[in-house]
Amino acid sequence: MAQTFSLSGANGVSDIHIGTGLLRNAASLILDTFSPSRVHIVTDTTVAPLYLDTLKAQFSLPVSETLIPAGEEHKRLSTVESIYHDLLKNGMTRKDLIIALGGGVVGDITGFAAATFLRGVSLCQIPTTLLAQVDSSVGGKTGVDLPEGKNLVGAFYQPRLVLIDPSVLSTLPDATFADGMAEVVKYGYIANKEILSLSAKTDYRQHIEQIICECVKIKRDVVAIDEHDTGLRMILNFGHTIGHAAEKLGNYVDLTHGQAVAIGMVCATKLAAERGGEDLSTPLIALLTHLGLPTVLSYDREAIFEALLSDKKKFGGTINFILVREPGRAEITPLPAEELHELILKL
Ligand code: NAD
Ligand code: GLY
14 MAQTFSLSGA NGVSDIHIGT GLLRNAASLI LDTFSPSRVH IVTDTTVAPL
64 YLDTLKAQFS LPVSETLIPA GEEHKRLSTV ESIYHDLLKN GMTRKDLIIA
114 LGGGVVGDIT GFAAATFLRG VSLCQIPTTL LAQVDSSVGG KTGVDLPEGK
164 NLVGAFYQPR LVLIDPSVLS TLPDATFADG MAEVVKYGYI ANKEILSLSA
214 KTDYRQHIEQ IICECVKIKR DVVAIDEHDT GLRMILNFGH TIGHAAEKLG
264 NYVDLTHGQA VAIGMVCATK LAAERGGEDL STPLIALLTH LGLPTVLSYD
314 REAIFEALLS DKKKFGGTIN FILVREPGRA EITPLPAEEL HELILKL
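Numbered continuously in the numbering used here, the sequence shown closes out at residue 360.
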């Protein structure tokens, strides 16, 4: 049985359906929601041979597509521009529909193209990685990277529809599945420790649909309160402050986003202990190891702090660090840069 959640955002309601086998039924759900004259699907060269035909074959109206090369290095403005050209070449208008079929990279790029093409065209997200299903397809953050850093250009733009089919995860490489589990563990630590118990099971993959639903509910609730990331939504960045710095030092190649978040969460728990809280790092390390994720920060601490500070335009003088006092409860803690510097040197 599919489950449905709704999220009200500034540009309208986003309906999120979660159910095994949903992809085979996608067009009927899409046409219940939209009345386009044509549809344009954006996907990548890995996902296209797996799922594009299944989706395309369900439509009797004209369907065009853009295939982008897979990989974070293609999450850039030139890729968005190539999508605009394809949209124009295929006669897409503001009444038509853009579908993102892929992982977080495809979703972020396509969302940004949909937000900006003709000042906004309807968007449906069909996430195909675990990370995209539990996180990036929900909540309306879209964007691309610049040579200076990740996600520096973007827009908040809610997809009108999100279709999450856990069965497509069967083709994911184990390491990519593990990337998504890092975000799952994040949700467990910030808001619902039941997710941690499910993830710790030997057969956690058998529970993945339930895990996805629990994560999406948390994200929906957080984004409903703070869509534009000025307060509560920052808790979704647990593990991301040091994680992003590590990702940057690895030139976005040595560590995937999920791996960096896993290491960042371990650092954040050690840092919380250093400030007098309970040390939650031992059970966290055990869980991440069980899930096939790294837990050790191998970069120079001074370099980590420098990389983190280069984000200071986002933070101002203090850094909003997400600390977890007990599993399931996160706090946004403004830390002066000096204090954070000292804490990072102790890691
Ligand atoms: P990704 O999109 O690069 O996908 C990882 C790999 O899996 C790619 O090679 C892709 O082709 C392949 N793939 C996708 N689905 C597949 C399937 N079903 N079977 C086999 N292979 C498949 O990476 P990701 O981890 O999904 O997303 C990471 C991106 O998401 C980053 O750019 C990150 O910044 C972004 N992100 C965005 C948000 C947000 O709120 N918008 C949140 C978290 C992360
Ligand atoms: N993944 C963080 C956010 O959506 O805010």
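We treat Cβ as the ideally placed atom computed from N, Cα and C, and that holds for glycine.
- Item | Per DSSP, the bridge partner or partners of residue 250 | Against the sequence shown, residue 250 aligns to sequence position 237. The partner list for residue 250 (beta bridge, DSSP) is empty, contrary to what the question assumes.
- Message: If I follow the unbroken alpha helix (DSSP H) through residue 90, where does it start and stop?
- Response: Position 77 of the sequence shown, counted from the first residue, corresponds to residue 90. Note, residue 90: alpha helix (DSSP H), 90 to 102.
- Counting pairs of beta carbons, one from the region 144 to 151 and one from the region 230 to 237, are three or more of them closer than 8 Å? Segment contact: the region 144 to 151 against the region 230 to 237, three or more CB-CB distances shorter than 8 Å; contact assigned.
- Count the other C-beta atoms from every protein chain shown that fall within 10 angstroms of the C-beta of residue 173, then say buried if there are 16 or more, exposed otherwise. Here residue 173 corresponds to residue number 160 of the sequence shown, with the count starting at 1. Classified as buried, residue 173 has 16 or more neighbouring CB atoms from the shown chains inside 10 Å of its CB.
- Which of helix, strand or coil does DSSP assign to residue 24? Along the sequence shown, one-based indexing puts residue 24 at 11. Here residue 24 sits in coil by DSSP.
- Item | Residue from 176, 118, 257 and 251 whose Cα sits closest to the Cα of residue 316 | Within the sequence shown, numbered from 1, the residue matching residue 316 stands at position 303. It is 257 whose Cα lies nearest to the Cα of residue 316.
- Neighbour-count burial assignment, residue 109, 16 or more Cβ in a 10 Å radius: Taking the sequence shown and counting its residues from 1, the one referred to as residue 109 is at position 96. Counting Cβ neighbours within 10 Å, residue 109 comes out buried, since at least 16 surround it.
- Rounded to whole angstroms, what's the CA-CA distance from residue 274 to residue 302? Just pull it up for me. One-based indexing of the sequence shown puts residue 274 at position 261. One-based indexing of the sequence shown puts residue 302 at position 289. Taking the Cα positions, residue 274 is about 13 Å away from residue 302.
- Kindly confirm or deny that the region 114 to 131 and the region 79 to 90 touch, where touching means at least three C-beta pairs closer than 8 Å. Enough Cβ pairs lie closer than 8 Å, so yes.
- Own chain partners of residue 178 with C-beta closer than 6 Å, once the 5 adjacent residues on each side are dropped: Start at 1 with the first residue of the sequence shown, and residue 178 comes out as number 165. Answer for residue 178: 35 and 36, listed in chain order.
- Taking only the alpha-carbon atoms, compute the straight-line gap between residue 227 and residue 187 and give it to the nearest angstrom. The residue given as residue 227 occupies position 214 in the sequence shown. The residue given as residue 187 occupies position 174 in the sequence shown. Roughly 22 Å separates the two Cα atoms.
- Task: Could you check what DSSP says for residue 272 in three-state terms: helix, strand or coil?
- Result: The residue you call residue 272 lines up with position 259 of the sequence shown. Assignment of residue 272 by DSSP, reduced to helix, strand and coil, places it in the helix class.
- Item | Distance, residue 312 Cα to residue 264 Cα | Here residue 264 refers to the residue found at position 251 when the sequence shown is read from its first residue. Here residue 312 refers to the residue found at position 299 when the sequence shown is read from its first residue. Spanning the two alpha carbons is a distance of roughly 12 Å.
- Report all residues for which the CB-ligand distance to some heavy atom of the ligand GLY is below 6 Å; order them along the chain. Taking each Cβ in turn, the ones that pass are 148, 152, 154, 242, 246 and 249.
- Could you tell me which residues DSSP puts in a beta bridge with residue 167? In the sequence shown, the residue the question calls residue 167 occupies position 154. Answer is 156, bridged to residue 167.
- Item | For residue 178, the residue or residues it bridges with in DSSP | Locating residue 178 in the sequence shown gives position 165, where the first residue counts as 1. BP columns for residue 178 are empty, so no partner.
- Task: Below 6 Å CB to CB, which residues in the same chain sit around residue 200 once its five sequence neighbours on both sides are set aside?
- Result: As a first step, residue 200 is located in the sequence shown; it is residue number 187 there, counting from the start. The beta carbon of residue 200 sits closer than 6 Å to the beta carbons of 208, 228 and 231 from its chain, once the five residues preceding and following it are set aside; these are given in chain order.
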